[in-house]
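The structure under discussion appears below in the form of C-alpha cells.
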C-alpha cells in the first residue's frame, strides 16, 4: 500500500505513524481505474470480476478523489464522533460514485456495450459504529446492526427497468432470478423480516438476530 501511495503521487509518511498499516483506498482507487481501462475494450462474451476496496477505511479520499491530509483520515470504529466518521465516509462514497460512473462510461463505449450486464454488490455496510456487533454484545443497538449488515445490490442490463427497491432479498434468490430471467428482472419474493447471524471472536456464526423493522 505504501508503494501504491508513492505511485499515485501521494506523500505518505513511513507506515509506523499511521493508524493503519495498509492504505486500502489507495489500492482501491488504483484498482477501479485499472478496471476502467480494461473494460474500455470489453468484448461480447467476456466476463470480468473485481473485488475493489472502495469505499474502505481509512476514509482518506475527497469527493473529487484527491487525497486529504493524513491528519484528516478517519476510521469506522474508533476516534472522533460517529457524525465525523460518517462525513468522511460520505466523501469517499462520492469519489467511488464518480469512479464507478467512469467505469460504466467505459463499458458503454466498448464493443460489448449493446448487451453488457453490470452487477455492483457491496459485501457489507459502512461499519461505522462504536463497536462490532457480535454474540458477546447481544445488547447491540439497531443503528450498529444497520451499519454493519446493510448492503447494496445494483444491476444494469438491457431490457431491465430502472428503479430503486428498499425491500430486502437473499442474494442467492436475486442471482437465481437474474439467471432464469435472462437478466431482465430481480423479481424474487422479498424477505418479510430480515435476520443476520452474529459471530463469536473466532468468526463462527452463533446467534441469529432480526434487523430493525424500520430499516
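In the numbering used here, the protein residues as written are 44 to 258.
We treat Cβ as the ideally placed atom computed from N, Cα and C, and that holds for glycine.
This one's a predicted model, so the numbers in the text were calculated from it and none came from an experiment.
CA-to-CA distance, residue j to residue i, given in whole angstroms
| i | j | result |
| --- | --- | --- |
| residue 239 | residue 119 | 20 Å |
| residue 220 | residue 236 | 20 Å |
| residue 136 | residue 126 | 15 Å |
| residue 98 | residue 225 | 30 Å |
| residue 93 | residue 78 | 8 Å |
| residue 249 | residue 103 | 34 Å |
| residue 162 | residue 199 | 6 Å |
| residue 165 | residue 257 | 21 Å |
| residue 247 | residue 215 | 21 Å |
| residue 72 | residue 185 | 31 Å |
| residue 232 | residue 252 | 21 Å |
| residue 113 | residue 123 | 15 Å |
| residue 148 | residue 115 | 31 Å |
| residue 217 | residue 108 | 32 Å |
| residue 133 | residue 81 | 27 Å |
| residue 91 | residue 223 | 20 Å |
Same chain only: Cβ atoms within 7 Å of residue i, ignoring 5 sequence neighbours per side
| i | result |
| --- | --- |
| residue 176 | 183, 187, 188, 191 and 241 |
| residue 205 | none |
| residue 139 | 97 and 98 |
| residue 89 | 155 |
Proximity below 8 Å, CB of residue i to CB of residue j
| i | j | result |
| --- | --- | --- |
| residue 131 | residue 121 | no |
| residue 197 | residue 153 | no |
| residue 178 | residue 211 | no |
| residue 101 | residue 68 | yes |
| residue 129 | residue 75 | no |
| residue 227 | residue 202 | yes |
Inter-residue CB distance, residue i and residue j (contact presumed, cutoff 8 Å)
| i | j | result |
| --- | --- | --- |
| residue 86 | residue 145 | Wrong, their Cβ atoms sit about 20 Å apart, outside the cutoff. |
| residue 168 | residue 194 | 6 Å |
Same chain only: Cβ atoms within 6 Å of residue i, ignoring 5 sequence neighbours per side
| i | result |
| --- | --- |
| residue 159 | 150 |
| residue 254 | 188 and 237 |
Close Cβ partners of residue i (< 8 Å) along its chain, the five nearest in sequence each way excluded
| i | result |
| --- | --- |
| residue 143 | 75 and 163 |
| residue 174 | 120, 180, 183 and 187 |
Handout entry: Every unbroken alpha helix (DSSP H) within the segment 66-122, with a cutoff of 4 residues, ordered by chain
Key = Listed in chain order, they are 67-82.
Handout entry: Complete runs of the beta strand (DSSP E) confined to the segment 188-244 [at least 3 residues]
Key = Scanning the segment 188-244 from its first residue to its last, the whole beta strand (DSSP E) runs of 3-plus residues come out as 196-199 and 238-242.
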